[in-house]
Structures are given as structure tokens and as C-alpha cells.
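Going line by line, the protein sequences match chains P and V. Residue 145 in this note's numbering sits at position 145 of the first sequence, and the numbers go up by one each step. To convert a position in the second sequence, counted from 1, into this note's numbering, add 1000. Beta carbons are placed, not taken as given, at the ideal position from N, Cα and C, and that holds for glycine. Here the structure is laid out as C-alpha cells; the discussion comes afterwards.
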Amino acid sequence: MMMAHTRPFTVCKNRYEVIMEFLLFTASICMFILSGLIAMSYIEKVMVLDFGIWARLAVSFMLGLGIISMQMFIYSILSIPFSFFNIAILWIALTACSYLVYDRRSSFFAHFKAFDISCLHNLKWYDAILLLIIASQVMYAFTCAFLMPLSGWDALAIWFFKARGFFIEKKISPAFLLNAASHPDYPLLIPLSVAWIYISVGKLNDHMAKIMYPLQYVSLLIIFHYLLKKISSHNNALLFTTLLSLTPRLMFHSGGFPAMSVELFDYDYIGYADITLSIYFVSFCGFLYLFLLNQNYFFFTIAVLFLGMGAWTKNEGLTFALIGVCLIAPCFSNEPRRRLLAISVILAVFVLPWLAYRLYFGIPGEYFNNLSFTVIPGNISRLSVIVKAMGKYMFGHITSFSFTWHGYILTSLINWRGFLHRPLFVLQAMLLSQIAIYIFIYMISPHDIVWHLHTSLDRLLLHMLPLAMLITAINVWQKIKPYDLQSRFKSPIHTQSL
Amino acid sequence: MVRHSIKYIMGILLVFLWLLANAPSFKAEGIVWKQIFFSKESIFKTFVVEYPLYNFLGKIVSFTPEGSAFYCFNPFGEDGSLNYLYYPVLVKYYLYPRKVIMANQSEEVRIEELLKNNYILFFMPYDSPLVMIESTISRLSFAQIIYRSYDDGAYQALYRLQKPI
Chain P
1 MMMAHTRPFT VCKNRYEVIM EFLLFTASIC MFILSGLIAM SYIEKVMVLD FGIWARLAVS
61 FMLGLGIISM QMFIYSILSI PFSFFNIAIL WIALTACSYL VYDRRSSFFA HFKAFDISCL
121 HNLKWYDAIL LLIIASQVMY AFTCAFLMPL SGWDALAIWF FKARGFFIEK KISPAFLLNA
181 ASHPDYPLLI PLSVAWIYIS VGKLNDHMAK IMYPLQYVSL LIIFHYLLKK ISSHNNALLF
241 TTLLSLTPRL MFHSGGFPAM SVELFDYDYI GYADITLSIY FVSFCGFLYL FLLNQNYFFF
301 TIAVLFLGMG AWTKNEGLTF ALIGVCLIAP CFSNEPRRRL LAISVILAVF VLPWLAYRLY
361 FGIPGEYFNN LSFTVIPGNI SRLSVIVKAM GKYMFGHITS FSFTWHGYIL TSLINWRGFL
421 HRPLFVLQAM LLSQIAIYIF IYMISPHDIV WHLHTSLDRL LLHMLPLAML ITAINVWQKI
481 KPYDLQSRFK SPIHTQSL
Chain V
1001 MVRHSIKYIM GILLVFLWLL ANAPSFKAEG IVWKQIFFSK ESIFKTFVVE YPLYNFLGKI
1061 VSFTPEGSAF YCFNPFGEDG SLNYLYYPVL VKYYLYPRKV IMANQSEEVR IEELLKNNYI
1121 LFFMPYDSPL VMIESTISRL SFAQIIYRSY DDGAYQALYR LQKPI
């Protein structure tokens, strides 16, 4: 019999084991980035010179989450067991091909020569203060995410729980999804990405897997800064990136706050899929905006990839993808069919396999199964409750969303003319349509509406938060610097053919 | 030049406004940094020990087989509190793929039902409202204690069940 009266928590790992785990974890993150870089190098026909190394790494990481998780999903369908070798070999082989084939080498390996340290010497006091604030937030997110145990409800019940199942079974088992896991209909980008980290480390290590969240936070800030810098100016981009980094709701999901005086699961939403979805939303809109400004198809393809990955992250991403397709379809009425087909394929790769899988194994949806003609008129009284709750969360919860929504409304009213022009109109339409869809989903929800709003509305608004900040920044820029943006992007300085 | 300076100052004021609105979250961040830099105990202990069950469950999965079944008493009553729902999720997560049956303390426990499992898991967070019935369990001849721990979050124990001959 083993008997132990121990004081808890003694760190029993030796130094070698800890270093090995970190190395393996780094390898798993590198594989996300590598897969994203390779995908980008294959897309890239026109070299975008000012697509710098940091933006490239951030975009690659976010693309990599979608690519590796989809690769694992396809492996599972093909009955190939999950292992580090099976998954990594494809990307290692493709990297080798990129090196051997000259034209691929020029685009893929050119990424690593783009970092210019001289930009750091030209920092002004203003930049330094803002960068310091961002750095402090990033440092906090990494420290807290790594130290704290996993505690968010949905993380334990849904996202990380599925990852555990996939890691233990080395595949996606329909029996596990239907019998053991909650919400089997939720898409699998996050569970499979977490499972990939477990597979790389070789064990269930939640602390390592949680680092994925501050990494996403950093990626969001870099992508957001890149998009705004391209759309407006360096100062405007840095200011609004700082404001975004300071928004507490974002920190709840990327670093979390330990529950010292509140209930156990409050203020720590690490392990959820909402921050990932919000990054895909804002990235899609931002790259689409850049495409509409300068007609560079590289930006458009990246945008479509993000749109597809949003649908592969959460079911809310499906509706966003639908709105996105409706809004971008008119842009392609005069385009060659080949291009239209390529874009449809990219979108379909991330949207259809999971829908087909659900249909095949009879995994039911939560909301639309209950939808009937009587549901909506029956629940019309909910509308006022939903709108009131939305207003309260957006404008009353300053300690959660800061002044983001106030800023969005105010600047949209001031810049109402911008609303009517195409690039900004598309962004506003995406945001407002998605909010309208959330209202509709609450209308048909089978749950008690007060409970449902209380447990999910803050997260749904987080999906839109970076996008609202992006629109606010563009509104501000258009008011303080009204000049022809299009001319900036048509300049040969920004794009150059290889 | 003056126009540029005004823009910078406006920007800094905007950031200051954001910082002001986020005072509660900065306070929470401050607590974390304070614990990291000024706590007398180790960083890991300071944080992890405040959460009941994490260390305990992490330990017991290392010596219990994956297919085993656990009978667990929920220390929180069915009073609608979130803790009543939260702890079963936590236990199920850490013990997967082990089977977990979570029972209310108020329910009558039948011995034959109990013996269908391999272990009894017992935990009592210090904020739980109910008095645990561990003393009853410890008197059962077919339940042997194999692991026990106390920490700042809870008292926890694991009993192995052996069918009486």
C-alpha cells in the first residue's frame, strides 16, 4: 500500500526534463509557423516588400493553427495515427522542396532576411512609451498563462478536454465526441492544435499548451499593427494597437487573471476558442480592406484563408464566412473563373470536411435543429432583453471592454461619409451583420435567455472587439488625414514582382 | 511641429484614459506580479496551491490505471452554486480516460453500487458548506486509504476499494 501524507506540490522534474519539454514545445510552435510560411510562399506570386518578418511570423502562426489542425483531421479520416513524425514529416519535406526548387527558395527563404534592426534606433519618446505598455501586457500574459493551472469552464469541459481525448486515442473518435465530450458539434481547430502540442511534448502538459494563448495575443497585436500601418500611419497603428492590448476582455482570454477574490472560474478564459475567432475575423476584414485598396490578390487569398479558418474554429465563424462570401462575391463578377474556383476551393477545404463529418456521424447542431416557423414569433419578446443586455455589456462594462464600443459608435457617427465608401462599408457590414446574427441566435436559443446571455454575450462581443477597434482607427485616420489612400497602394514601392 | 506635439499628447491622453478605465485589471495584474516577486514561498506553490484538486489529481493519475472507475462525493450541495457544477467538470477533465461517478452527499450510497468502482475520491475545499462523511468511509473494511494530501485549497484523499471476500 502506498501511503503519503505529503505537503503538496513539490517540483519533481529534473532540469533536463524541463529543457526537453521546452524544446519539444518550441518544435511544435515552429511547425505551426513553418506550415503557415510554406502556405504563404505557395500563395505568393507577388512579393509584398513591406510584409515584414514579424507580420509574416504572426500571420504564419495563425495560418499554421488552421493548417496543422486540418491536416490532423484529414489524417484521422484516413486512419493515420497522430504522431510527431507523421505530422511534421510533411512540412519538413515541403521545406526541403522549397529550398531545392529555386523560385520557391527565393520567396520562402527571403522571409528571414527581411528584419531590419535600424528601425529600433529611430524610436521617439512617444513610440517608446507605447511599446513599453504593450511589452508589459505581453509579459504579463505569458507569465500568468504559464503559471496558472487551466481553470476556465469551457476549457475544461470542451476545448482542452477534447484535446486530451484526441491525444490519448491518437485519432478523432466519433464515439468519444458523441459520448464523452460536451458540444460535439463545435469545430476542432483549437482541440486539435492543443492535441498537437501534447503530441509534440509527448505528454499532457497544460502549462505548455496554454502558452499558445499569449502567442495568439502577440500575433493579434502584430497583425493588427501591420494592417493599420498599411492602411494609415505608423503612429496611428501603434496608438490603437496599444489601446487594443490594454483592453481587459482580451487579457481575460490571453493571460487570464487568477481568481483571488472572485469565484474560481471568473476572469480566466484561457483555453477557449473566442480569441482565436476574433483574430480570424479581424484578419479577414483587414486583409480584405487592403485588397480592396490595392487589388493585390495575395492579401485576398490570405483573407479567404482566415475566413475559412474562422469557420473551422467555432460555429459562429460559419455565419461570418457566409456573410463574407455574400459581400465579396460581387467583387468577382468580372474575374476569370479559374480565380473564383481557387478561392472557393480554399474556403471549402476548411468549411466542408467538418460539416460532412458531422452529417455522416449524426453529430447534432445545438440551435438550428430547434428552428421552426413558430420559434421566432414565439421568442420575439426576447429581442428587448437581448438588445438591452448587449447595450449594457458594450457601454456599461468599461472595466471589461474599456471605451472600445463608445469609440466605435462615436467615430462611426463622425465619419459617416466613410461608411458609404466601399472598403470601410464592407468592414462595417461584416461587423453589423455578425451582431445581427448573434441577436438572431439568441432569439432561437433553446436555453433560458437570461442565463445564455450571462454566460456567452461577453465572449461573442469579444469576437467583434478587434474589428471594432480597427474600424475606429480607420475612422479616426480618415478624419485626421483625408487623402487618397488608393494612391499609396498603387505605388510600385509597395509591391514588386519577383 | 506644434500640430505634431498636440497629436502625440492627444494619443497619450487617450492611452491614459484607457489605463484609468482598466484600473481593476491592473490591480489584478499587480497582485500577480507582487506574488511573483515578493512572495516568500515558491512561485508555483503560491499560485497552484490556491486551487483545490490540481496537484492532487495530477498526482493520482500517475498511479491509477486509465480504465479505472472513481466514485466521488461532491462536497457542494445542490444549491445552484456554480461550484457544485464546476468541480465535477474539473475532476472529469483531469481523470480522463478514467470513469468518474459524481454523487451528492445527501444521496444514500448503496454498498453494491460503491463496489462497482475501483476508488473513492474524496475532497473538501475549505469553502465547501457540507461536512464530509469521510469518517464513515474510513471505517469501511473494504476501503483502504492510499493517498492523502492537505493544501491551502482543500483536504483530499483517495481510497482503494477491494471487494470483501
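Extent of the continuous alpha helix (DSSP H) to which residue i belongs
i	result
P/Leu359	Arg337 to Phe361
P/Ser372	Where P/Ser372 is concerned, there is no enclosing alpha helix (DSSP H), given that its DSSP letter is neither H nor E.
P/Met20	Arg15 to Ile43
P/Tyr140	Trp125 to Leu147
P/Ser384	Arg382 to Gly391
Cβ neighbour criterion (16 or more within 10 Å) applied to residue i
i	result
V/Glu1078	exposed
V/Arg1110	exposed
P/Pro519	No information on residue 519 of chain P is available, as it lies outside the stretch 1 to 498 that chain P covers here.
P/Gly418	buried
V/Gln1162	exposed
P/Asp448	exposed
P/Tyr360	exposed
V/Leu1082	exposed
P/Asn294	buried
P/Phe61	buried
P/Trp354	buried
Opening and closing residue of the beta strand (DSSP E) in which residue i lies
i	result
V/Leu1114	First-last for V/Leu1114: Ile1111 to Leu1114, but that is the alpha helix (DSSP H), not the beta strand (DSSP E).
V/Phe1073	Ala1069 to Asn1074
V/Leu1121	Tyr1119 to Pro1125
V/Tyr1159	Ala1154 to Leu1161
P/Ala155	Per DSSP, P/Ala155 belongs to no beta strand (DSSP E) and is neither H nor E.
P/Asn296	That residue, P/Asn296, is in no beta strand (DSSP E); it is neither H nor E in DSSP.
V/Gln1144	Ala1143 to Tyr1150
V/Met1102	Lys1099 to Asn1104
Neighbourhood of residue i by C-beta distance below 8 Å, restricted to the same chain and skipping five residues each side
i	result
P/Phe265	Residue confidence for P/Phe265 is low, a pLDDT of 45 falling below 50, so the modelled location carries little weight and cannot support an answer.
P/Ser261	At P/Ser261 the pLDDT is 44, less than 50, meaning the model places this residue with poor confidence and gives no usable figure here.
P/Ser487	Low per-residue confidence applies at P/Ser487: pLDDT is 45, beneath 50, and the placement is therefore not dependable enough to give any value.
Interface residues of chain V facing residue i [CB-CB closer than 8 Å]
i	result
P/Ser412	The premise fails here: P/Ser412 is roughly 17 Å from chain V at the closest Cβ pair, so nothing lies under 8 Å.
P/Trp153	Tyr1086 and Val1089
P/Tyr140	Glu1029, Val1032 and Trp1033
P/Phe257	Ser1025, Ala1028, Glu1029 and Val1032
P/Leu246	Val1015, Trp1018, Leu1019 and Asn1022
Residue i: contacting residues in chain P (beta-carbon distance under 9 Å)
i	result
V/Gly1067	Neighbours of V/Gly1067 on chain P: none; closest Cβ ~12 Å, over 9 Å.
V/Ile1036	Thr143 and Leu147
V/Tyr1159	The contacting residues do not exist; V/Tyr1159 stays about 11 Å from chain P at best.
V/Tyr1008	Lys124, Trp125, Tyr126 and Asn235
V/Tyr1126	None at all; the shortest Cβ gap to chain P is about 13 Å.
Residues near residue i in its chain [Cβ-Cβ closer than 7 Å; skip 5 each side]
i	result
P/Gly310	Leu277, Tyr280, Phe281, Phe284, Gly317, Phe320 and Ala321
P/Phe84	Ile199 and Ser200
P/Leu57	Ile33
P/Leu239	Leu130
V/Leu1090	Leu1053
Contact set between residue i and chain V, taken where Cβ atoms lie within less than 7 Å
i	result
P/Met251	Ser1025
P/Phe82	Going along chain V, no residue has its Cβ under 7 Å from P/Phe82, so there is no contact; the nearest lies around 16 Å.
P/Leu383	By Cβ distance, chain V contributes nothing, its closest Cβ being about 28 Å from P/Leu383, past 7 Å.
P/Leu156	Val1089, Leu1090 and Tyr1093
Contact set between residue i and chain V, taken where Cβ atoms lie within less than 9 Å
i	result
P/Gly165	Tyr1096 and Pro1097
P/Ser402	Leu1017, Trp1018, Ala1021 and Asn1022
P/Thr399	Ala1021, Asn1022, Ala1023, Pro1024 and Ser1025
P/Phe161	Val1089, Lys1092, Tyr1093 and Tyr1096
P/Leu130	Gly1011, Ile1012 and Val1015
P/Ile168	Glu1066, Tyr1096 and Pro1097
Interface residues of chain P facing residue i [CB-CB closer than 8 Å]
i	result
V/Leu1014	Leu239 and Leu243
V/Tyr1119	The contacting residues do not exist; V/Tyr1119 stays about 13 Å from chain P at best.
Same chain, Cβ closer than 6 Å to residue i, neighbours up to 5 away in sequence not counted
i	result
P/Glu263	With a pLDDT of 45 at P/Glu263, under the threshold of 50, the predicted position of this residue should be treated as unreliable, though the coordinate-derived value follows. Within the same chain, P/Glu263 has no close Cβ partners at all.
P/Tyr213	Ala145, Ser254 and Ile270
P/Gly378	none
P/Ser402	Thr247
Partners in chain A for residue i, counting only beta-carbon separations shorter than 7 Å
i	result
V/Tyr1155	Chain labels in this structure do not include chain A; the protein chains are P and V.
7 Å Cβ cut-off: residues of chain P touching residue i
i	result
V/Tyr1054	Pro149
Open item on the list: Under 8 Å, with one C-beta from each stretch per pair, do the stretch 459-479 of chain P and the stretch 236-245 of chain P reach the 3-pair mark?
Closed with: yes
Open item on the list: With three or more C-beta pairs closer than 8 Å as the rule, is the stretch 1051-1062 of chain V touching the stretch 417-429 of chain P?
Closed with: no
Task: Three CB pairs or more closer than 8 Å across the stretch 435-443 of chain P and the stretch 383-393 of chain P - done: yes
Task: Sufficient close CB pairs (3 or more, under 8 Å) joining the stretch 1060-1078 of chain V to the stretch 1096-1107 of chain V - done: yes
- [ ] Pair every Cβ in the stretch 268-276 of chain P with every Cβ in the stretch 174-193 of chain P, then say whether three or more of these pairs are closer than 8 Å.
- [x] yes
Task: Cβ contact (3+ pairs, closer than 8 Å) linking the stretch 297-311 of chain P and the stretch 57-70 of chain P - done: yes
Task: Cβ pair count under 8 Å reaching 3, the stretch 448-464 of chain P against the stretch 394-401 of chain P - done: yes
TODO: Assess, as a yes-or-no matter, whether the stretch 1140-1159 of chain V is touched by the stretch 1053-1064 of chain V under the definition of 3 or more beta carbon pairs within less than 8 Å.
DONE: yes
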